[in-house]
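Just so we're aligned, residue 1 is where the sequence shown starts under UniProt numbering, counting upward by one.
Backbone N, C-alpha and C fix where the C-beta goes; we use that ideal spot for every residue, glycine too.
Keep in mind that this is a model prediction, so the values were computed, not measured.
Right, one structure below, let's go through it.
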Amino acid sequence: MIQIYLNHQCYTEFSDFKLWFSDQKDELMLTIIFLSGKKYTRPFREWNVIPTIKLEGNLLYHKTNKMVNIIDEAYEVGEKYILAKYPNSDKQYVLYANDVIISNSTNLKESNLFHYFVNIAKERVENAHDEKSNVIANNIVEQFQNLLPFKDTALQAYISQKAESFQDVDDLIFPFGVNETQLAAVKYAFQSQVSIIEGPPGTGKTQTILNIIANILIKGKTCAVVSNNNSAVENVYEKLQGVNLDFLIAKLGSSSKKETFFQSNPNWIEDCTVSDINLDLINKKVNDIEKYLSLKNRSAELECQLKEIEIEKTYLENWYQTSGVISTHIVEKYKLSSQKVLELFTYLRQLSNKFLSFKDKMRLLFNYHILKNKPFNDPSIRQEIIYALQKEYYEKLSLEIHIEKSDIDKKLLSVKYDDLLKGLTEDSMKYLKHYLFKNIPKDKPSFTVMNYKKHFKSFIRHFPIIGSSTHSLVNSIAKGSILDYVIVDEASQQDIVPGVLCLGCAKNVVIVGDRKQLPHIPAKSNLTASNILYDCRKYSLLDSICEVFQDQIPRTLLKEHYRCHPKIIQFCNKQFYHNELIPMTKDQGEDSIQLIITAKGNHMRQYKNQREIDSILKVKETMGFLDNNTGFIALYNNQVNLARLELPTEVVKDTIHKFQGRECDKIIFSTVLDKKSESRMQIDFVDNGPLINVAVSRAKKQFCLVTGKDVFKSNNRYIAALIRYIEYYSSKKEDIIDSPVISAFDLLYAEYDRSLEKLNKKLNKKDSRYKSEQIVSALLKDLLDDVKYDSLMLHKQVYLRQLVNETQSDFNNRELSFMKNGASCDFVVYYKIGKKPIAVIEVDGVVI
Numbered sequence: 001m002i003q004i005y006l007n008h009q010c011y012t013e014f015s016d017f018k019l020w021f022s023d024q025k026d027e028l029m030l031t032i033i034f035l036s037g038k039k040y041t042r043p044f045r046e047w048n049v050i051p052t053i054k055l056e057g058n059l060l061y062h063k064t065n066k067m068v069n070i071i072d073e074a075y076e077v078g079e080k081y082i083l084a085k086y087p088n089s090d091k092q093y094v095l096y097a098n099d100v101i102i103s104n105s106t107n108l109k110e111s112n113l114f115h116y117f118v119n120i121a122k123e124r125v126e127n128a129h130d131e132k133s134n135v136i137a138n139n140i141v142e143q144f145q146n147l148l149p150f151k152d153t154a155l156q157a158y159i160s161q162k163a164e165s166f167q168d169v170d171d172l173i174f175p176f177g178v179n180e181t182q183l184a185a186v187k188y189a190f191q192s193q194v195s196i197i198e199g200p201p202g203t204g205k206t207q208t209i210l211n212i213i214a215n216i217l218i219k220g221k222t223c224a225v226v227s228n229n230n231s232a233v234e235n236v237y238e239k240l241q242g243v244n245l246d247f248l249i250a251k252l253g254s255s256s257k258k259e260t261f262f263q264s265n266p267n268w269i270e271d272c273t274v275s276d277i278n279l280d281l282i283n284k285k286v287n288d289i290e291k292y293l294s295l296k297n298r299s300a301e302l303e304c305q306l307k308e309i310e311i312e313k314t315y316l317e318n319w320y321q322t323s324g325v326i327s328t329h330i331v332e333k334y335k336l337s338s339q340k341v342l343e344l345f346t347y348l349r350q351l352s353n354k355f356l357s358f359k360d361k362m363r364l365l366f367n368y369h370i371l372k373n374k375p376f377n378d379p380s381i382r383q384e385i386i387y388a389l390q391k392e393y394y395e396k397l398s399l400e401i402h403i404e405k406s407d408i409d410k411k412l413l414s415v416k417y418d419d420l421l422k423g424l425t426e427d428s429m430k431y432l433k434h435y436l437f438k439n440i441p442k443d444k445p446s447f448t449v450m451n452y453k454k455h456f457k458s459f460i461r462h463f464p465i466i467g468s469s470t471h472s473l474v475n476s477i478a479k480g481s482i483l484d485y486v487i488v489d490e491a492s493q494q495d496i497v498p499g500v501l502c503l504g505c506a507k508n509v510v511i512v513g514d515r516k517q518l519p520h521i522p523a524k525s526n527l528t529a530s531n532i533l534y535d536c537r538k539y540s541l542l543d544s545i546c547e548v549f550q551d552q553i554p555r556t557l558l559k560e561h562y563r564c565h566p567k568i569i570q571f572c573n574k575q576f577y578h579n580e581l582i583p584m585t586k587d588q589g590e591d592s593i594q595l596i597i598t599a600k601g602n603h604m605r606q607y608k609n610q611r612e613i614d615s616i617l618k619v620k621e622t623m624g625f626l627d628n629n630t631g632f633i634a635l636y637n638n639q640v641n642l643a644r645l646e647l648p649t650e651v652v653k654d655t656i657h658k659f660q661g662r663e664c665d666k667i668i669f670s671t672v673l674d675k676k677s678e679s680r681m682q683i684d685f686v687d688n689g690p691l692i693n694v695a696v697s698r699a700k701k702q703f704c705l706v707t708g709k710d711v712f713k714s715n716n717r718y719i720a721a722l723i724r725y726i727e728y729y730s731s732k733k734e735d736i737i738d739s740p741v742i743s744a745f746d747l748l749y750a751e752y753d754r755s756l757e758k759l760n761k762k763l764n765k766k767d768s769r770y771k772s773e774q775i776v777s778a779l780l781k782d783l784l785d786d787v788k789y790d791s792l793m794l795h796k797q798v799y800l801r802q803l804v805n806e807t808q809s810d811f812n813n814r815e816l817s818f819m820k821n822g823a824s825c826d827f828v829v830y831y832k833i834g835k836k837p838i839a840v841i842e843v844d845g846v847v848i
């Protein structure tokens with residue numbers, strides 16, 4: 001209960017009181033308002049307001065103007081006002097208690113890590129090699145001095161390794177469209193002080209950022225969008241401009257950008273005074289469509305599975321033709337599901353050449369409804385049945401997936417999924433614009449480079465989104481300003497030190513990037529971090545935050561891919577993203593991946609390869625891709641310059657580093673190197689995972705790899721995997737060199753491995769002959785779990801006859817007979833990409 005005394009008389013019968021500063025009397029005044037409406041005013045020094053509490057803390061954060069100021073002292077008066085006194089001033093300032101936060105400085109600036117970051121910045125001043133680098137480095141050092149040790153910043157969370165969590169957030173809008181993982185990413189951005197969005201190529205990273213910004217705006221908050229890559233921030237500008245919302249952004253950063261911004265006249269929002277859209281309606285639409293987002297993804301996943309089945313089935317049918325195996329139709333009459341076909345396949349293989357026992361006959365009857373088991377008692381016919389079951393597995397699995405996909409597609413059609421998504425997007429945009437029209441000041445701003453920081457409270461109301469480079473954000477806002485959010489884009493390329501500055505001027509941070517694409521290039525340093533997780537020489541900002549917070553903060557992988565032809569992005573998916581991406585584009589059988597192997601010989605000179613350029617020109621007429629929708633990519637500037645001279649002018653030519661964030665319908669990737677000794681020293685530079693990922697994922701419709709024969713074979717990394725992938729999946733099978741090695745029927749054997757393990761668990765251990773195989777299996781699995789062997793996979797009990805092409809190798813009759821009698825290999829190690837075997841292990845025999 002609030003009590004107010006004047007000359008020892010207690011006033012309790014009042015409705016309100018007001019504390020204010022009188023310029024005329026140059027002192028604080030208090031007005032008490034009685035229930036009758038009468039008012040009585042006296043200097044505040046004459047009153048005694050209970051409670052009046054001295055607050056602990058030397059920092060004052062103003063929620064409205066987003067500023068943190070240092071104070072000498074603060075008092076809370078009557079649970080309504082804060083009286084604050086600033087350094088070097090006797091005046092007491094009156095603020096509403098609900099508008100401010102009083103807190104103590106943290107020990108942020110005294111921490112070893114903060115000193116490490118500052119010392120790194122100073123070291124870079126000393127190492128600056130030109131005037132521009134020197135200016136930037138000095139600028140960063142100065143900005144560290146301007147950071148205030150406020151307890152609620154994202155920087156404090158990062159250094160203390162403690163990020164705040166918030167309650168589940170309702171009332172989200174999606175004016176830029178949404179899918180399942182984007183929805184999750186937007187939710188997580190408002191559930192945690194620090195969140196991570198991993199955005200592989202073509203997964204709608206910018207769209208997700210825009211939806212986060214839209215929700216920041218309708219919550220009355222502010223944000224900055226920053227990157228060390230200007231094109232990333234420009235993408236956000238362009239998308240907002242496309243929906244007439246670019247007037248919200250202050251495009252700051254460097255001095256020249258500020259000058260340009262303040263000289264411009266941004267468009268103003270259209271009249272949105274009328275809108276019958278409310279958040280309850282949007283929430284209902286979000287809930288409605290959320291039920292179907294996973295179904296949409298499932299349909300796309302099934303589409304990919306069907307294509308994979310189709311390819312493996314084609315390889316199997318080719319094997320039937322070349323091996324002379326007779327495909328029996330007996331298995332078709334049993335009407336088994338794909339799972340039952342697989343179980344029967346596994347069971348019959350376990351029988352080997354044994355005759356059926358009574359127990360086996362009963363199992364065939366009760367498990368598979370096979371009454372007439374005579375054919376199964378003949379080992380040679382049984383072998384034919386086993387091969388037929390493989391084909392039947394693909395047939396049944398394909399049919400089952402077709403049925404499941406058809407059911408999903410019908411359901412999505414019946415609920416009018418596309419209309420639901422369109423309605424949610426349109427209503428969200430209407431609500432956003434209506435909110436902005438009501439809440440963004442209508443007066444034409446008259447800020448200048450010289451005065452906008454003095455009026456930052458008003459400035460941030462006009463421009464609630466700040467755009468900047470990471471190393472300029474602190475200088476782009478008023479000193480002591482703490483924004484609500486900062487979104488750091490391309491954080492995988494972001495150096496930690498400028499990133500730290502951004503974290504220091506925002507309460508919450510959303511980190512966006514992709515560690516599978518181009519990494520940051522660390523600056524040289526002789527300084528060592530007190531904690532390795534913050535080491536600027538080792539980690540980007542994204543890497544460091546991932547390592548610092550581990551599972552403490554939400555991390556979302558955007559999975560739905562919309563840019564590339566499925567056969568193009570599936571290489572990146574399988575090689576780099578553990579098959580987690582979901583291609584949403586359609587494969588209509590287009591010729592989307594090509595491989596050009598240049599003629600034998602060492603053709604590289606001074607990191608140029610004329611033969612690769614000639615090979616491209618030679619196939620121009622047949623492949624037809626040298627037009628203005630074509631991009632030429634190489635690692636070396638010399639090769640790019642050569643391409644500019646030789647290839648048509650309309651073709652876009654550039655290095656991989658300059659192509660990140662761009663795309664073309666068709667991409668040609670020239671590897672340049674040959675087999676000379678100096679080339680060998682450059683192999684690792686070219687055969688680099690993130691670079692290959694970027695190069696391939698720039699292509700929307702066609703990707704062509706141009707390389708020398710066997711140049712990268714011994715390195716056996718990403719380009720070798722890419723070559724195997726193109727050979728396996730290319731629709732032009734006539735371009736594939738015949739090989740005595742047959743690729744794995746991976747879908748079949750992956751399921752077979754699981755079925756085999758289930759069956760082995762049911763076997764009597766006393767009868768088992770496979771203890772040694774169990775031991776080797778465990779050892780191999782542990783070995784292949786190592787990230788070094790991430791490109792490999794393991795299958796068990798693979799038929800030797802399905803491992804090698806009998807017609808392509810010089811086998812004798814005894815060897816052929818051995819293979820035809822169902823000989824199998826205990827373990828076969830394959831490449832995941834291209835599915836080619838590289839090692840065979842026979843536990844109780846010999847290593848082949």
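| query | result |
| --- | --- |
| For the alpha helix (DSSP H) holding residue 325, just list the boundary residues, first then last. | First-last for residue 325: undefined, no H or E at that position. |
| For the structure I just gave you, are there three or more beta carbon pairs, one from the region 464–484 and one from the region 165–176, closer than 8 angstroms? | no |
| Out of 292, 361, 385, 299, point me to the one whose CA is closest to residue 329's CA. | 385 |
| Spell out the partners DSSP gives residue 830 in its beta bridges. | 793, 837 |
| Just mark residue 123 as buried or exposed, buried being the case when its beta carbon has 16 or more other beta carbons within 10 Å. | buried |
| Return helix, strand or coil for residue 556, following the three-state DSSP convention. | strand |
| My assumption, with CB atoms under 8 angstroms, is that residue 787 sits in contact with residue 827. Please give the rounded CB distance. | Between residue 827 and residue 787 the Cβ distance is about 21 angstroms, and since that is not below 8 angstroms, they are no contact. |
| Could you check whether the region 111–120 touches the region 61–73, counting it as contact only if at least three pairs of C-beta atoms, one from each stretch, sit closer than 8 angstroms? | no |
| For the putative contact between residue 14 and residue 34, defined by C-beta atoms under 8 angstroms, what is the C-beta separation to the nearest angstrom? | 5 angstroms |
| To the nearest angstrom, report how far apart residue 354 and residue 380 are at their CA atoms. | 11 angstroms |
| Among 370, 151, 406, 325, which one has its Cα closest to the Cα of residue 849? | Given a span of 1 to 848 for the chain in the structure shown, any question on residue 849 remains unanswerable. |
| Using only CA atoms, which one of 727, 682, 471 lies nearest to residue 255? | 471 |
| Closer than 7 angstroms by C-beta to residue 694: which residues in its own chain qualify, once you throw out the five before and the five after it? Chain order, please. | 517, 518, 656, 659, 660 |
| Determine the burial state of residue 193: buried for a count of at least 16 other Cβ atoms within 10 Å of its Cβ, exposed for fewer. | buried |
| For the alpha helix (DSSP H) containing residue 905, list its first residue and its last residue. | Given that the chain is displayed from residue 1 to residue 848, the structure contains no residue 905 and the question cannot be resolved. |
| Quick check on the DSSP output: the beta strand (DSSP E) that includes residue 84 runs from which residue to which? | 81–85 |
| Between the C-alpha atoms of residue 375 and residue 389, what's the straight-line distance to the nearest angstrom? | 14 angstroms |
| Please report the straight-line C-alpha distance between residue 118 and residue 252, rounded to a whole angstrom. | 24 angstroms |
| Let me make sure I understand the geometry here. Which of 139, 152, 584 has the alpha-carbon closest to that of residue 101? | 152 |
| Ordered along the chain, which non-local residues of its own chain (more than five positions away) have a Cβ less than 6 angstroms from that of residue 503? | 154, 155, 158, 509 |
| List the endpoints of the continuous alpha helix (DSSP H) containing residue 125. | 112–127 |
| Using alpha carbons as the reference points, say which of 79, 599, 505, 418 lies closest to residue 709. | 599 |
| Measuring alpha carbon to alpha carbon, tell me which of 241, 525, 712 ends up nearest residue 681. | 712 |
| Output the distance between the C-alpha atoms of residue 5 and residue 88, rounded to the nearest integer angstrom. | 31 angstroms |
| In or out: residue 856 buried (at least 16 other Cβ within 10 Å) or exposed? | There is simply no residue 856 to check, as the chain begins at 1 and stops at 848 in what is shown. |
| Report the option in 721, 825, 368, 648 whose CA atom is closest to the CA atom of residue 337. | 368 |
| Report yes or no: do the region 296–307 and the region 445–462 share at least 3 C-beta pairs separated by less than 8 angstroms? | no |
| Under a three-way DSSP split, which group does residue 766 fall into? | With a pLDDT of 45 at residue 766, under the threshold of 50, the predicted position of this residue should be treated as unreliable, and no value is reported. |
| Note down the Cα distance separating residue 501 from residue 556, rounded to an integer number of angstroms. | 24 angstroms |
| Pull the bridge partners of residue 702 from the DSSP assignment, please. | 666 |
| Of all the beta strand (DSSP E) runs that stay within the bounds of the region 541–620, which reach a length of 3 or more residues? | 555–557, 593–597 |
| My parser needs the alpha helix (DSSP H) runs of 4 or more residues fully inside the region 271–357; what are they? | 279–323, 338–351 |
| Assuming contact is defined by CB atoms lying nearer than 7 angstroms, are residue 227 and residue 489 in contact in what I supplied? | yes |
| Can you tell me which of the three DSSP states residue 536 falls into? | coil |
| Could you check which residue in 430, 304, 436, 335 has the C-alpha nearest to that of residue 586? | 304 |
| Going by CA-CA distance only, name the one from 39, 61, 75, 40 that's closest to residue 53. | 75 |
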